[in-house]
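Visitor:
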Amino acid sequence: MLSEYLDGDLDDFDCRHIEEHIADCPPCIDFIKSLRKCVQASHDFKGREECPSIPPELEGRLKAAWQAALARKK
Ligand SMILES: [Zn+2]
Numbered sequence: 126m127l128s129e130y131l132d133g134d135l136d137d138f139d140c141r142h143i144e145e146h147i148a149d150c151p152p153c154i155d156f157i158k159s160l161r162k163c164v165q166a167s168h169d170f171k172g173r174e175e176c177p178s179i180p181p182e183l184e185g186r187l188k189a190a191w192q193a194a195l196a197r198k199k
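Residues in the sequence shown are numbered consecutively from 126, following the numbering used here.
1) Less than 6 Å separating the Cβ of C140 from some heavy atom of ligand 1?
2) Any heavy atom of ligand 1 closer than 6 Å to the Cβ of P151?
3) Along the chain, where does the alpha helix (DSSP H) that runs through D134 open and close?
4) Around the Cβ of L195, are there at least 16 other Cβ atoms within 10 angstroms (buried) or fewer (exposed)?
5) Quick one: using the 10 Å Cβ neighbour count with 16 as the cut-off for buried, is A190 buried or exposed?
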């Protein structure tokens, strides 16, 4: 469901479920890592459109989920 999650198509329950899953799923963590790399790359190379654009609100939500996942790994 990650693509729906990234598209913001899931309701709050599913989002929460996925955020909990991500905390314990290395492939998902890698996926989000590469996504963040993607976002960073698009910042570093303005004008290139290799990555799908992410709405700022969703990007913030992903970062929050990522931080929560990191916090739970400690
Ligand atoms: Zn997963």
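Each residue gets a CB set at the ideal place from its N, CA and C atoms; glycine is no exception.
Note that the coordinates shown come from a computational prediction; the quantities given were computed from them, not determined experimentally.
Guide: From the atom records:
1) For the purposes of this step, residue 140 is identified with residue 15 of the sequence shown, where counting begins at 1. No, Cβ of C140 sits at least 6 Å from all heavy atoms of ligand 1.
2) What you label residue 151 is simply residue 26 of the sequence shown in a count that begins at 1. Checking the Cβ of P151 against ligand 1 gives no.
3) Here residue 134 corresponds to residue number 9 of the sequence shown, with the count starting at 1. Element bounds for D134: n/a, residue is neither H nor E.
4) As a first step, residue 195 is located in the sequence shown; it is residue number 70 there, counting from the start. L195 is exposed by the Cβ-count criterion.
5) Taking the sequence shown and counting its residues from 1, one reaches residue 190 at position 65. Under this definition A190 is a buried residue.
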